[in-house]
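Just below is one structure, and these are the notes that go with it.
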Amino acid sequence: MSDRKVKIYTLFLSSGRPVGYEAYRRYHPDVKIMNNGEILDEIKREAEGVEFIGTPEPVRAEDAIPKIKEREDIDGLLVFGPPPDGLISIGLPMVAVERPLEGCTTVPFHSYRGSKVVTSFLPAHRDKNPEVYSSRIRDIVRKIELISAVARMKGLRILVVTDLPPLGYFEPIGLQIEKGREEYEETYTRNLKETLGAELVPVPQRELIEKMKAADEGEAKEIAEGWIKGAIALRGTNEEEVVKSAKLYIAMRELMREHDCGAITTEGYGWPPLGYGAGIPSQGLPSTQFCTDGVVATSETLTDCLITQQLGLYITGSAGFMGDYTIDPVIDVAIIAHCEGSLRPYGDERKAPYIIRNLPFVPENTGGACVQINYPIGEKVTVAKISIYKKRLSLFTGESVSGEELFPYWDDVLGRIKVAIKTDGRKLIENVDWRSFGNHRVVFFGDYKRDFEDMARLIGFEVVESA
Numbered sequence: 017m018s019d020r021k022v023k024i025y026t027l028f029l030s031s032g033r034p035v036g037y038e039a040y041r042r043y044h045p046d047v048k049i050m051n052n053g054e055i056l057d058e059i060k061r062e063a064e065g066v067e068f069i070g071t072p073e074p075v076r077a078e079d080a081i082p083k084i085k086e087r088e089d090i091d092g093l094l095v096f097g098p099p100p101d102g103l104i105s106i107g108l109p110m111v112a113v114e115r116p117l118e119g120c121t122t123v124p125f126h127s128y129r130g131s132k133v134v135t136s137f138l139p140a141h142r143d144k145n146p147e148v149y150s151s152r153i154r155d156i157v158r159k160i161e162l163i164s165a166v167a168r169m170k171g172l173r174i175l176v177v178t179d180l181p182p183l184g185y186f187e188p189i190g191l192q193i194e195k196g197r198e199e200y201e202e203t204y205t206r207n208l209k210e211t212l213g214a215e216l217v218p219v220p221q222r223e224l225i226e227k228m229k230a231a232d233e234g235e236a237k238e239i240a241e242g243w244i245k246g247a248i249a250l251r252g253t254n255e256e257e258v259v260k261s262a263k264l265y266i267a268m269r270e271l272m273r274e275h276d277c278g279a280i281t282t283e284g285y286g287w288p289p290l291g292y293g294a295g296i297p298s299q300g301l302p303s304t305q306f307c308t309d310g311v312v313a314t315s316e317t318l319t320d321c322l323i324t325q326q327l328g329l330y331i332t333g334s335a336g337f338m339g340d341y342t343i344d345p346v347i348d349v350a351i352i353a354h355c356e357g358s359l360r361p362y363g364d365e366r367k368a369p370y371i372i373r374n375l376p377f378v379p380e381n382t383g384g385a386c387v388q389i390n391y392p393i394g395e396k397v398t399v400a401k402i403s404i405y406k407k408r409l410s411l412f413t414g415e416s417v418s419g420e421e422l423f424p425y426w427d428d429v430l431g432r433i434k435v436a437i438k439t440d441g442r443k444l445i446e447n448v449d450w451r452s453f454g455n456h457r458v459v460f461f462g463d464y465k466r467d468f469e470d471m472a473r474l475i476g477f478e479v480v481e482s483a
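Written out as structure tokens, the structure is:
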């Protein structure tokens, strides 16, 4: 994962001057007609961390194509005018900008479905309403930011702590394996590298356990005290168990540093029925701390969820909340439940309140500690899940509602954290695709449906509309 600037090759396929430009300018000298340089300057001012390569001067696509191909550092294209097939076939993600009123018709510009192209529309004539024109610039910049999100995945090393490399025990589930696990793993790792430039770094669980045992007691207590101080309360657990999870946090942090990784996923610890030993505490609190700090950490070696969260972090500013996925069409509700998530649901400094608890279904004061985050209700949410193996993205939106008004003892059902989502339950159950996406989904607070749709197109993934 590199900190270098994202590089966007910019092409203007025409001067941008509208039909009848000279006559229009003569009769309406007070009306501003934007030239290519002014347009590019406005976009540059809004697009942070982006290096634009190319000039505002009109170029022929056939002249630009060889120059683009000879460079290996280009992350995407910004093309003003209808991109020809030769430009699209390079395979780089592209924002294609149609210039309404430049000619008498939109021909041949279209949606470029089936390619890594998203579209925007910006006339040289400034809209009468200045807010409309500003929104056009913002739309272009937002789509460039999506290319940036994809580009930031390049070089990401994902630590997978498992004794079943490279993907771990929990995914793929049986329904997802079509031609054998070996074929699934080979296709998965190849797709991950080819589409996003990321890689999995599997390490055995003993490495994590050894670092946990060697963790500094004083530092662990300090971390635990901070978690406890920030919580509303402790329920079913105690400081000793919180310290155990703090030691696991230290071990996860050190193991990531040792292997030069920017994200981490571990097996399902702290739940003895799974067979991994009661001596390993829950990673609920560690993963919550990492996600809150902008480092994606997912339990149960759920790599598809981790990739979804990583892209979501770049798109929304929050790592979101990952969990098991339940559909109830009788009450038109979907439920996501687990034991860790970002305390910053909005991607800014606002934090959700939380309670530190024991894991579900285990005796009190055992298994380390996890967290019950009370996420906001009455908010628009976006639910997503990427399938690296299938090159697909599941996506739907809804509104977070109070689970306490749906079921008794809501806080003690399933995972400690739950988000109930009012949506079209009938469509969800009709369209659900367990074979592609398994049994987990990721929740982001806010309406990011269009952003995820565009992101999927930029990497050549199919969007599956769940509802």
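The letter at position 38 of the sequence shown is residue 54 when you use my numbering, and the numbering goes up by one with no holes. Beta carbons: idealized from backbone N, C-alpha and C, even for Gly.
- Relative to Pro220, the option among Pro379, Glu469, Thr317, Glu64 whose CA is nearest is Thr317.
- Under the DSSP assignment, Gln388 falls in the beta strand (DSSP E) whose first and last residues are 386-389.
- For Leu411, the enclosing beta strand (DSSP E) covers residues 408-417.
- For Glu478, the secondary structure class from DSSP, reduced to helix, strand or coil, is strand.
- Under the 10 Å beta carbon count, Cys120 is surrounded by fewer than 16 other beta carbons and is classified as exposed.
- Each of Phe377, Leu138, Glu86 was checked against the Cα of Leu94, and the nearest Cα belongs to Leu138.
- A contact between stretches requires three or more CB pairs, one per stretch, nearer than 8 Å, and the stretch 177-192 meets this requirement with the stretch 208-226.
- An exposed status is given to Leu117, since fewer than 16 other beta-carbon atoms sit within 10 Å of its beta-carbon.
- Of Val378, Leu103, Glu199, the smallest CA-CA separation from Val75 is found for Leu103.
- The stretch 203-213 makes no contact with the stretch 124-142: fewer than 3 CB pairs, one atom from each, lie closer than 8 Å.
- A residue is called buried when at least 16 other Cβ atoms come within 10 angstroms of its Cβ; His126 does not meet this threshold and is exposed.
- For the pair Arg366 and Glu478, the Cα-to-Cα distance works out to about 33 Å.
- In the DSSP assignment, Gly246 falls outside any beta strand (DSSP E) and within the unbroken alpha helix (DSSP H) covering 233-246.
- Non-local beta-carbon contacts of Tyr362 in its own chain, meaning distances under 8 Å to residues more than five positions away in sequence, involve Gly333, Ser334, Phe461, Gly462 in chain order.
- With a threshold of 16 other beta carbon atoms within 10 Å, Thr308 meets it and is buried.
- Measuring C-alpha to C-alpha distances from Ala231 to each of Glu223, Ile239, Lys263 identifies Lys263 as the nearest.
- Rounded to whole angstroms, the gap between the alpha carbons of Pro100 and Ile266 is 52 Å.
- Within the stretch 357-386, the complete beta strand (DSSP E) runs of at least 3 residues fall at 370-373.
- In this structure, Gly336 sits away from His354, with a CB-CB distance that is not shorter than 8 Å.
- Cβ neighbours of Cys321 within its own chain (closer than 6 Å, five residues either side excluded): Thr314, Met338, His456, Val458.
- Annotated three-state conformation of Met169 is coil, per DSSP.
- Taken through DSSP and simplified to helix, strand or coil, Val133 comes out as strand.
- Straight-line measurement puts the Cα of Lys48 at about 43 Å from the Cα of Ser410.
- DSSP places Pro218 in no alpha helix (DSSP H) but in the uninterrupted beta strand (DSSP E) bounded by 215-219.
- Beyond the five residues adjoining it in sequence on each side, Trp450 comes within less than 8 Å, by CB distance, of Ile189, Leu191, Gln192 in the same chain, given in chain order.
- Within 10 angstroms of the beta-carbon of Ala249 lie fewer than 16 other beta-carbons, which makes it exposed.
- Per DSSP, Arg142 lies in no beta strand (DSSP E) segment and is marked neither H nor E.
- Here DSSP, grouped into helix, strand and coil, assigns Arg154 to helix.
- Counted as a single uninterrupted DSSP element, the alpha helix (DSSP H) harbouring Arg269 occupies residues 255-274.
- Remark: C-beta atoms of Ile351 and Ala240 do not approach each other more closely than 8 Å.
- Here DSSP, grouped into helix, strand and coil, assigns Arg251 to strand.
- Comparing alpha carbon positions, the residue from Val417, Leu329, Glu238 closest to Leu359 is Leu329.
- Exposure of Ile347 is indicated by the presence of fewer than 16 other C-beta atoms within 10 angstroms of its C-beta.
- Going by beta carbons, Ser418 and Val397 fall outside the 8 Å limit.
- Residue environment analysis places Ser151 among the exposed positions, since fewer than 16 neighbouring C-beta atoms fall within 10 angstroms of its C-beta.
- In the displayed model, Gly328 falls within a helix according to three-state DSSP.
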